[in-house]
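Data block below; observations after.
Numbering (this note's numbering), first residue to last: 1004 to 1217.
Okay, structure coming up:
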């Protein structure tokens, strides 16, 4: 049971991070939309509406698979990866089309960075809570994975906040920093999931043969 639950932690943490970042990005773009010149307002509204549609579809897919097993989630993640990449590409299109007029880059970066940092902290808290299910002598790998998540959160916060304060970085540099933090979150999240699986499987293997299944 715990191995299956740990797999779900990975997928749900992954999808929640993307959804929170989508929401934060949309909120930033909408906050700047009032500054778009009248001649470009229709184009801006069209792009934001399309981004909303993509975010809603992503959320619906996640909800539809909330109770799915690991194999189904693994297949769904490929679909969600493609949806995320499309969302990022369309945000890039918005910035390229209207960025010179409303300069949304720094606001988008700050809000997306805040969403990422929340995902780091929430992920570490969830792992810490789930680790309580295991006996202390079996938690070495799990505790190491939690420490990695916590250390990653601190490093991401320092890096992203430094760029937020700088205020003059290029959009390419800002996007690169977000992508780096996001990728490290995924690696830490996957490492934690793997650690939970190993501990869960070792616990099952060490059960007395006559023990009743949980």
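Using N, Cα and C, we set each Cβ at its ideal position, and we do this for glycine too.
Note on geometry: alpha-carbon atoms of residue 1062 and residue 1030 lie some 16 Å from one another. Taking all protein chains in view, the Cβ of residue 1168 is surrounded by fewer than 16 other Cβ atoms within 10 Å, so the residue is classified as exposed. The C-beta distance from residue 1119 to residue 1093 rounds to 19 Å, too long to meet the 8 Å contact threshold. Remark: C-beta atoms of residue 1027 and residue 1039 do not approach each other more closely than 7 Å.
In this structure, the beta-carbon distance from residue 1152 to residue 1126 falls below 7 Å. Using a Cβ distance threshold of 7 Å, residue 1198 and residue 1144 count as a contacting pair. Each of 1193, 1013, 1032 and 1086 was checked against the Cα of residue 1110, and the nearest Cα belongs to 1032. Nearest C-alpha to residue 1095 among 1173, 1191 and 1081: 1173. Collapsing the DSSP output to three states places residue 1068 in coil.
Going by beta carbons, residue 1117 and residue 1155 fall outside the 7 Å limit. Going by DSSP, residue 1078 is part of the alpha helix (DSSP H) stretching over 1073-1105. The beta carbon of residue 1160 is closer than 8 Å to those of 1120 and 1123 in its chain, skipping five residues each way along the sequence. In the three-state reduction of the DSSP assignment, residue 1135 falls in the coil class, being assigned neither a helical nor a strand state. Around the C-beta of residue 1049, fewer than 16 other C-beta atoms lie within 10 Å, and the residue is accordingly described as exposed. The C-alpha of residue 1183 lies about 15 Å from the C-alpha of residue 1087. By the beta-carbon neighbour count (other beta carbons within 10 angstroms, threshold 16), residue 1081 is exposed. For residue 1142, the secondary structure class from DSSP, reduced to helix, strand or coil, is coil. Shown here for residue 1178: not one same chain residue has a beta carbon closer than 6 Å to its own, the five before and five after excluded. Taking the CA atoms as reference points, residue 1146 sits about 33 Å from residue 1085. Annotation: residue 1052 to residue 1045 spans about 10 Å, alpha carbon to alpha carbon. Straight across, the Cα-Cα distance linking residue 1150 with residue 1102 is about 39 Å.
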